Amino acid sequence: MRINVRWDVLRDPAASAALDAWLAAARGAGARPLVTFDRSPRRPSYNPSPAQLAGALRGSRARHPFVREFSTWNEANINKRPQTVARWYLALRRACPSCTILGADLLDRANAGSWARRFVRAARRTPAVWGLHNYIDADRMSTKATRSLLRAVGGRIWFTETGGIVRRSNGSAVRFPTGVSRAAKVTRFIFDRLARLSPRIQRVYLYHWDTGEQGGPTWDSGFVGPDGRARPALEVLRRVLGR
Numbered sequence: 479m480r481i482n483v484r485w486d487v488l489r490d491p492a493a494s495a496a497l498d499a500w501l502a503a504a505r506g507a508g509a510r511p512l513v514t515f516d517r518s519p520r521r522p523s524y525n526p527s528p529a530q531l532a533g534a535l536r537g538s539r540a541r542h543p544f545v546r547e548f549s550t551w552n553e554a555n556i557n558k559r560p561q562t563v564a565r566w567y568l569a570l571r572r573a574c575p576s577c578t579i580l581g582a583d584l585l586d587r588a589n590a591g592s593w594a595r596r597f598v599r600a601a602r603r604t605p606a607v608w609g610l611h612n613y614i615d616a617d618r619m620s621t622k623a624t625r626s627l628l629r630a631v632g633g634r635i636w637f638t639e640t641g642g643i644v645r646r647s648n649g650s651a652v653r654f655p656t657g658v659s660r661a662a663k664v665t666r667f668i669f670d671r672l673a674r675l676s677p678r679i680q681r682v683y684l685y686h687w688d689t690g691e692q693g694g695p696t697w698d699s700g701f702v703g704p705d706g707r708a709r710p711a712l713e714v715l716r717r718v719l720g721r
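For the sequence shown, the working numbering assigns the number 721 to the last residue and increments by one with no breaks.
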C-alpha cells in the first residue's frame, strides 16, 4: 500500500492523525506501507531544505518505526529540478541508511528519462528503486514511456501509481480514452504487457480502490463504483491474482 503525504504532515495534528490511522490500518492488514513525500498545501511552491525533509523522515520513523520504505518526492519531473530532488534523496538516505528510499516518483511524460539521467549525474549514484506513474502508457495501452525509462537508467522500477481511468476532469491537456469497460482492459494490459517488460519491474500499486474522497470530483479510477458495486476491472484484478 502507498500513501502520498505532505512533507510537513507531522506539523499538522489533523493530518498526522489521519496518517496514523491509515498506517495502523495498513499494518493491521499485513501490508508494507510506502510513504511518498509531496508539497505542503500551506506553501505549495516551497521547497524544503534537505535537512527539513530528512527531519520529516526521522519524525515519521520515530512515530512509525515499522515504516521503512519512502519515496523522495511525488511526480518530481513535473516541476522540480533533478538536482534539488537528488539532494533530498541523499539526505533521506543518510537519515535512514537501512530504509528503502526511492529516487523519486516520476510521471511518464516525455522528460522522465532525461530527468532521471540528470538526477543520477547530480546524485552521483543510481537509486536502487525508482517509482513510475505510467498512466499515459497504461491508458493509451502503450509501452513507450515505460521502455524509455528502462533504457535511460538502471535500478528497479515500481509502478507506484497506475490504473485504468473511468473519468477524469482535472484540467490536464493529456488525452486518452476513459470509461468503465476501458478501465478493465487497461488493468489487464498493465499486468499482461507493462509489468512483463522487464524483470526490473517488481511492484504494481494500483490507484485506487473506490471513488471516495481520495479521487475527489476530478478523478475516478476506482475498482468499486460510487454505488458500492464492483466494476469489471476488479474482476480482472481477481483473475490476475488467482482469486
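Just so you know, even glycine gets a beta-carbon here, dropped at the ideal spot from N, CA and C.
Note that the structure is predicted; figures quoted are calculated from it, not measured.
Query, Result
"Pair within 8 angstroms by beta-carbon distance, Thr578 and Arg536", "no"
"Nearest-angstrom Cα separation, counted from Arg559 out to Ile635", "20 angstroms"
"Neighbour-count burial assignment, Glu713, 16 or more Cβ in a 10 Å radius", "exposed"
"Contact the region 587-601 vs the region 664-673: 3+ CB pairs below 8 angstroms", "no"
"Cβ neighbour criterion (16 or more within 10 Å) applied to Ile614", "buried"
"Candidates Arg571, Ala564, Leu627 and Val487: closest to Arg520 by CA position", "Val487"
"Beta-carbon proximity check, His686 vs Ser676, cutoff 8 angstroms", "no"
"Exposure of Ala503, with buried meaning 16 or more beta-carbon neighbours within 10 Å", "exposed"
"Helix, strand or coil at Ser626 [DSSP, three-state]", "helix"
"Test item: CB-CB of Leu584 and Asn555 under 8 angstroms", "yes"
"Segment contact flag, the region 615-622 with the region 648-656, C-beta cutoff 8 angstroms, min 3 pairs", "yes"
"8 angstroms Cβ cutoff met for Arg629 and Gly591", "yes"
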